[in-house]
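What follows is a single structure, written as structure tokens, with notes after it.
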DNA sequence: CCTGTTTTCGCCTTAGAGTCGATAACTTGC
DNA sequence: GCAAGTTATCGACTCTAAGGCGAAAACAGG
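Protein chains in written order, with our numbering: chain H, 1 to 247; chain B, 1001 to 1247.
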């Protein structure tokens, strides 16, 4: 019973991915160089139009497949939809941006026109893509502190030192290794594998290897302050929500 | 130089508002009853199509104007875009949902088909609108703890007790009045007006009146944990971002 | 076996939220 | 006007968790 036609005006819609990964101790974003107008020669986010039978994230995965091995994407989350009327000189296009995370030990073979850029030193981007990058980085940094998204940014097994490097790169400032260890274990985010790393040059005590206990998103404590009092149950009312990473 | 046509397929797009407000000590959402198919008789979120020259939030404001006085909306923020192919039986429609907040002392005159529903006891909603409500409530509750969004949910002047009622209603559990007072003042979110409230029946000490210092969004501390060490500046790299409430 | 190097862990400090109870500042009733 | 009742405010303590430092542990190499 498809009751009548849809009464809303239609607009071209594109999906864009802010693919972030720690490359050599620097948080970097995947960009490709446009060959054609508009904005020929500028660097842009990977993405493109939405095929009729695909949801936004499915369409995005297809576009990403032309740039990286999609199986290496450990986390994908919608960030924002931009709608400025003149954001594309060809005509009105709505754009939905996603945050995508790739572990640092994944080494996807990139096409010639594609490469990593440190988010701290970005070139001038095509269209309004810098907004998407800024929002995605902001989102990532916020979530690193109250969720276990770190799993998507870290290798499958790692020493505390390595995790420290990855997290520091992502946050943009140094975190102390001793505190990081305690925070992550206290929250039950990481667990030792039992294995030990081989010491580098100069010897030294071999570091224990850890892994993330869960590789799906878990929220540690959504409300840093104003917690519910002792005995009380939290959050009566409002639907229980599977985390909105699926839109 | 509008270089060529837009190469992306187009889809009808609608905007939806999850209008939240504390009504009589209960967090409530504004719904209207559909008269026509599809989902005739079901309760739905206010919203509608996007006119050609309008951005999403402008289009949403126009639709909301038919339900409430838009000037009463103290906060408006984009939450998510849903794209399930069959979310509308009439055909494919993309939908972007917003969170809108209205203070409890605003008493908008509602149309006949529109009314408030406690978020804890929602009726069956049309389409996938329950997803939007759940996500918006989640977003609000999270932000209450690390931003000053409370200003959009509280009256312009209030006693600590009243603020406690509003915040408790929004969070879904009781918060202690004494602690709330210290937390809000320590962060510099609220300030005393100098006035005092008139005591109710039975007397009692008159409560001091407060107001929010700022009525625009301010983030207290985006990262609850893993703060940067003492002297270090935070967040080198990544664009400074005007908060993404504007999309 | 001794030295240098790196990790790990215990202990202390610091910051901010949660709790409790005493005091302040009013009403009403006698 | 005074006592009793009511409500708000504030100080002092507790509790939780993060940040920091240094000692001890665990290895390699000579």
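The C-beta atom is built at its ideal place from N, Cα and C for all residues, glycine as well.
Query                                                                                                                                                                                           : Result
For chain B, find out if any of its Cβ atoms is closer than 8 Å to the Cβ of residue 10/H; answer yes or no.                                                                                    : yes
Between the Cα of residue 195/H and those of 201/H, 183/H and 210/H, spot the shortest distance and give me the residue it belongs to.                                                          : 210/H
Among 215/H, 92/H and 78/H, which residue has its Cα nearest to the Cα of residue 139/H?                                                                                                        : 78/H
Check whether the Cβ of residue 1177/B lies closer than 8 Å to any Cβ atom in chain H.                                                                                                          : no
Inspect the beta-carbon positions of residue 1220/B and residue 56/H and report whether they are closer than 8 Å.                                                                               : no
Measure the beta-carbon distance from residue 996/B to residue 1050/B and round it to whole angstroms, keeping in mind my assumption that it falls under 8 Å.                                   : Because chain B spans 1001 through 1247 in this model, residue 996/B falls outside it and cannot be assessed.
For the stretch 1078-1155 of chain B, which segments carrying the alpha helix (DSSP H) assignment without a break, of at least 4 residues, lie completely within its bounds, in sequence order? : 1129-1146 and 1150-1153
Between residue 1017/B and residue 1054/B, which are expected to be in contact by the criterion C-beta below 8 Å, what is the C-beta distance as a whole number of angstroms?                   : The pair is not a contact, with the Cβ atoms about 14 Å apart (cut-off 8 Å).
Mind checking whether residue 113/H and residue 32/H have CB atoms under 8 Å apart?                                                                                                             : yes
So if I threshold CB-CB distances at 9 Å, which residues from the stretch 82-110 of chain H count as touching chain B?                                                                          : 82, 83, 84, 85, 88, 89, 90, 91, 92, 93, 94 and 96
Please check if any C-beta of chain B sits within less than 8 Å of the C-beta of residue 5/H.                                                                                                   : yes
Just to confirm the assignment, what range does the alpha helix (DSSP H) spanning residue 1059/B have?                                                                                          : 1056-1065
Judging by CA-CA distance, which residue of 178/H, 168/H, 208/H and 186/H is the nearest neighbour of residue 24/H?                                                                             : 168/H
Going by alpha carbons, who is nearest to residue 97/H out of 134/H, 118/H, 193/H and 179/H?                                                                                                    : 134/H
Quick one: what's residue 986/B bridged to in DSSP?                                                                                                                                             : Nothing can be reported for residue 986/B, as the shown portion of chain B is limited to 1001 through 1247.
Applying a beta-carbon distance threshold of less than 7 Å, which residues of chain H neighbour residue 1196/B?                                                                                 : Neighbours of residue 1196/B on chain H: none; closest Cβ ~25 Å, over 7 Å.
Should residue 1247/B be labelled buried (16 or more other beta-carbon atoms within 10 Å of its own) or exposed?                                                                                : buried
Looking at C-alpha atoms only, which residue of 1149/B, 1115/B and 1128/B is the closest neighbour of residue 1038/B?                                                                           : 1128/B
Three-state secondary structure (DSSP) at residue 74/H?                                                                                                                                         : coil
Measure the alpha-carbon distance for residue 161/H versus residue 1029/B and round it to whole angstroms.                                                                                      : 47 Å
Quick one: list the residues of chain H neighbouring residue 1191/B, beta-carbon separation under 7 Å, in chain order.                                                                          : Simply none; closest approach about 19 Å.
Determine which residues share a DSSP beta bridge with residue 196/H and list them.                                                                                                             : 208/H
Hey, is residue 1056/B's beta-carbon within less than 8 Å of any beta-carbon in chain H?                                                                                                        : yes
Is there a Cβ of chain B sitting closer than 8 Å to that of residue 53/H, yes or no?                                                                                                            : yes
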